[in-house]
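Notes to accompany the following structure.
Put into structure tokens, the structure is as follows:
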């Protein structure tokens, strides 16, 4: 072994994760990951997969058969939804009000889609009116919006947009990476046909998997494709046989990440979704009241704010990167900076899952007062 | 919470993993996964990423700058190598002597490649002569072979094929999912331009990441692409900025899986590659001698056998699935069955990483004698 590689064991510093994700992880989930592995085709693991699917359906409020945890992170979930629904030449309407809508346009263009962007200023919602306007001028295969824009802290209401997509004969695709298990989300009731999320936000599980679900309409549309899905790894037809009764070998599922997700979902369902949403709201209000009292202002109008992702303007004259570094190094608290045009202008304070506690809020406020 | 979802905590049975992967995982690696998380852009995590890259280069025997752990399993590593090297209309020569060469053809066709298959019977190697023959009739962008065919237990020698690819002006793409850290593999010396592996084989880390490396020639070829990579998630240009000095946010790396890989690589380098290869050989010979004494025969000729993946013919008159089930349920030992045309005809006995011990061999032999 080269001397330069005589590396020490891992000893990462202790952090409170209050950025845009990952969030803090429960000791129960960490312990689940220390469980010795079984094989990915072991009957014991197949049962764990079934239990994960059942719990995901409950958390997503859906009866969709094709519901599972994709073996990659949330960004791959976005790509999976797009490349399974879209074929070269298909039209898609995408709401763009932050980094993740922008990203979806890039992903869709790489899949050969003709993309119609419905733009809104960063920090504002995508309105049903704007979507309706776009639908007057095209015949898209899908309408896509980001439920919770992690780059801005905006919650775009979905129900009405889902109805518009349905009327236009389009599938409704939703990014729920930061919303799932933090705010209300009703896949079936809101007419969502394809949805992806991530594990490292309000599920408080480490990053590494992407929960996804596809409606019967989406599955029918996929079965009418003229061409194979461009991605073998993300092909829902192959994944369906792997996660379904056939158990057809596709890839090797990340066993340990699925152990973690199993435990994280148990914690979510033990708490109950309504109680969990209420906790996120309550903790957000505690943070908001204190920050406003300190003179901070929010990027997003009150009625469109995500409780779990608080975008606040950095006060004039503050070197925001230096302040964030002090929070991290002196107080062990991670918060996020702005992305794109908001770089240097906002902080993104996450209160997600295990990180949505009064103690988190108070320790951040205390540290902020000392840093500023 | 629905009553039906009042799920018990995880308690998977104890297994000895002696199939085609995953392999047993060291308690040190399990413990690393119970480490609380830092953020994916935390300086502490960036250092862990750098250490992983350095250790991967040592294990792969390469100086390639573009060496990292892709945030998905080995099958996504295959897709990443293909879609980054290949554009629609490009030609590729692929050696097909098992499931994984077959899969690579599918992946390449989905990327728009014109695929030239060089076929060999399952259980035999891809010969340099066969590759040379194909290169007389096309001008491929890449030549691809599977170093260690997990479906058959065959080791295809790479050095000569690498030379042929270079002479033909083609990039040399290698599947090293099952070979890395189990048998000798020399990326730079053998002229390999793109290589992917998995964590759950001879690295003895849980599945979930795919170590990949690209040569300078491969990076130059990618920089001359006429079109964007069809996959956003797997686009090496974006991943290079994330894993490189820019640290440009791309996706959220699976923190915990990287903790695991860090510890698994430390274990590999502590043992030393030569000692590790010798251990795999020694344990294979112990298994082989005993199985041959029991009357078993191997699918693969002695000079082409992988020590870490032993494909043996199932004796006449044995219900192989029932026997495997008894090994699993009564003895807690997992071995693999055959895939494709070899279904029902062979067993695949893995001796990979932590599962390559005399104790594993002896307990399997003991159990086999009682089951048969």
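Chains as they are written, first to last, in the numbering used here: chain A, 1 to 372; chain B, 373 to 744. Cβ coordinates follow ideal geometry from the N, Cα and C atoms, glycine included. Treat the numbers as computed from the prediction; the structure is a model and nothing was measured.
Beta-bridge pairing by DSSP links residue 95/A to 118/A. The three-state reading of DSSP puts residue 449/B in helix, counting H, G and I together. The Cβ neighbour count for residue 607/B, taken over all protein chains shown within 10 Å, is at least 16; the residue is labelled buried. Contact between the stretch 249-266 of chain A and the stretch 375-392 of chain B is present: three or more C-beta pairs spanning the two stretches fall below 8 Å. Here residue 531/B is exposed. Its C-beta has fewer than 16 other C-beta atoms within 10 Å. 9 Å or more divides the Cβ of residue 251/A from the Cβ of residue 356/A. Contact with chain B is found for residue 229/A, since one of that chain's Cβ atoms lies less than 9 Å from the residue's Cβ.
Using a Cβ-Cβ cut-off of 9 Å, residue 551/B does not count as an interface residue toward chain A, since no Cβ of chain A sits closer than that to its own.
Taking the CA atoms as reference points, residue 104/A sits about 49 Å from residue 656/B. DSSP places residue 235/A outside any beta strand (DSSP E), giving it a letter other than H or E. Rounded to whole angstroms, the gap between the alpha carbons of residue 196/A and residue 492/B is 41 Å. Distance check between residue 523/B and each of 732/B, 741/B and 720/B places 720/B closest, using alpha-carbon atoms only. Taking C-beta separations shorter than 7 Å and ignoring five residues to either side along the sequence, the partners of residue 397/B in its chain run 576, 577, 578 and 726, following chain order. Within the stretch 399-411 of chain B, those residues whose Cβ lies closer than 7 Å to any Cβ of chain A are, in chain order, 402, 403, 404, 405, 406, 407, 408, 409, 410 and 411.
One Cα belongs to residue 473/B, the other to residue 191/A, and the distance between them is close to 41 Å. The three-state secondary structure of residue 277/A, taken from DSSP, is helix. Under the DSSP assignment, residue 586/B falls in the beta strand (DSSP E) whose first and last residues are 582-586. Rounded to whole angstroms, residue 527/B and residue 662/B show a C-alpha spacing of 22 Å. Against chain B, the CB of residue 49/A has no partner CB under 9 Å away; the residue lies outside that interface. Looking at the DSSP output, residue 155/A shares a beta bridge with 148/A. Not a single CB atom of chain A sits nearer than 9 Å to the CB of residue 652/B.
Membership of residue 420/B in the alpha helix (DSSP H) is indicated by the continuous run 415-432. With a contact defined as Cβ atoms closer than 8 Å, residue 81/A and residue 212/A qualify at about 7 Å. Following the DSSP letters along the chain, one finds residue 683/B inside the beta strand (DSSP E) bounded by residues 681-685. Membership of residue 621/B in any alpha helix (DSSP H) is not indicated, and neither H nor E is assigned to it by DSSP. The CB of residue 55/A comes closer than 9 Å to the CB of 377 and 379 in chain B, given here in chain order. Burial is judged here by how many other beta carbons sit within 10 angstroms of a residue's own beta carbon; residue 99/A has at least 16 and is buried.
Taking a cut-off of 8 Å on C-beta distances, the stretch 480-497 of chain B touches the stretch 461-471 of chain B, as three or more cross pairs fall below it. Residue 448/B reaches chain A at 72 and 233, counting residues in chain order whose Cβ is nearer than 7 Å. Inter-segment contact for the stretch 356-370 of chain A and the stretch 698-706 of chain B is absent: fewer than three beta-carbon pairs are separated by less than 8 Å. Within the stretch 612-635 of chain B, the residues whose Cβ lies closer than 8 Å to some Cβ of chain A are 621, 622, 623, 624, 625, 626, 627, 628, 629, 631, 632, 634 and 635, listed in chain order. Using beta-carbon distances, residue 418/B does not count as an interface residue toward chain A, since no partner is under 9 Å. In the DSSP assignment, residue 348/A falls within the beta strand (DSSP E) that extends over 346-350. Between residue 125/A and residue 262/A a beta carbon distance of about 34 Å is seen, past the 8 Å cut, so the two are scored as non-contacting. For residue 14/A, the C-beta contacts it makes with chain B under 8 Å involve 408, in order along the chain.
Scanning its chain for C-beta atoms nearer than 6 Å, with the 5 sequence neighbours on each side dropped, one finds around residue 209/A the residues 69, 199, 257 and 261, in chain order.
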